[in-house]
Structures are given as C-alpha cells and as structure tokens.
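To start, the structure itself, in structure tokens.
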Amino acid sequence: MKIIGGILGILVILSWLFVIKEYKFGNKGTAKAQNVMLIACLLTLIMISMQFFY
537 MKIIGGILGI LVILSWLFVI KEYKFGNKGT AKAQNVMLIA CLLTLIMISM QFFY
C-alpha cells in the first residue's frame, strides 16, 4: 500500500505543478487545463482518503 501511496503522491505533485504552469501562462480557460485541474483535485481527494483510512 505504501508503494501505491508513493506513486499517487508523485502524481498529485506533478498534476498540481502542471496546473500552476497552465495558470502562469494564462491557459486556465482551455479544456486541457480544466481536465488536469479536475484530475489533480480527484487525486488529492483519493490521497487524503487513503491517509485517513490506512
């Protein structure tokens, strides 16, 4: 379970860095940026629930 948590943590960090990059360049209205924002939020919620239950 720790391996899955580590991989999920890396994915969360990378997705939020991508979101920050898109906002920095002003591409926040594109569908790609909105999809990545949604994925980043979902990954964060999954990670929080894993930390809470395990």
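Here the sequence shown is numbered in the numbering used here, starting from 537 and rising by one per residue. Just so it is clear, CB atoms sit at the ideal spot from N, CA and C, and this is done for glycine as well.
Three-state secondary structure (DSSP) of G565: Residue 565 sits at position 29 when you count from the first residue of the sequence shown. In the structure shown, G565 sits in coil (DSSP, three-state: anything other than H, G, I, E or B).
Roughly how many whole angstroms lie between the Cα atoms of F589 and K560? Residue 589 sits at position 53 when you count from the first residue of the sequence shown. Residue 560 sits at position 24 when you count from the first residue of the sequence shown. So the two alpha carbons sit approximately 35 Å from each other.
Whole angstroms is fine: what's the gap from L579's alpha carbon to I539's? Counting from 1 along the sequence shown, the entry for residue 579 is found at position 43. Counting from 1 along the sequence shown, the entry for residue 539 is found at position 3. Using only the alpha carbons, I get a separation of about 15 Å.
Output yes or no for whether 7 Å exceeds the beta carbon distance between E558 and A569. On the sequence shown, position 22 is the one that residue 558 refers to. On the sequence shown, position 33 is the one that residue 569 refers to. Closer than 7 Å, so yes.
Neighbourhood of G541 by C-beta, 7 Å cutoff - its chain only, sequence neighbours within 5 removed: Sequence index remark: in the sequence shown, residue 541 carries index 5 (1-based). Correct list, in chain order: M586.
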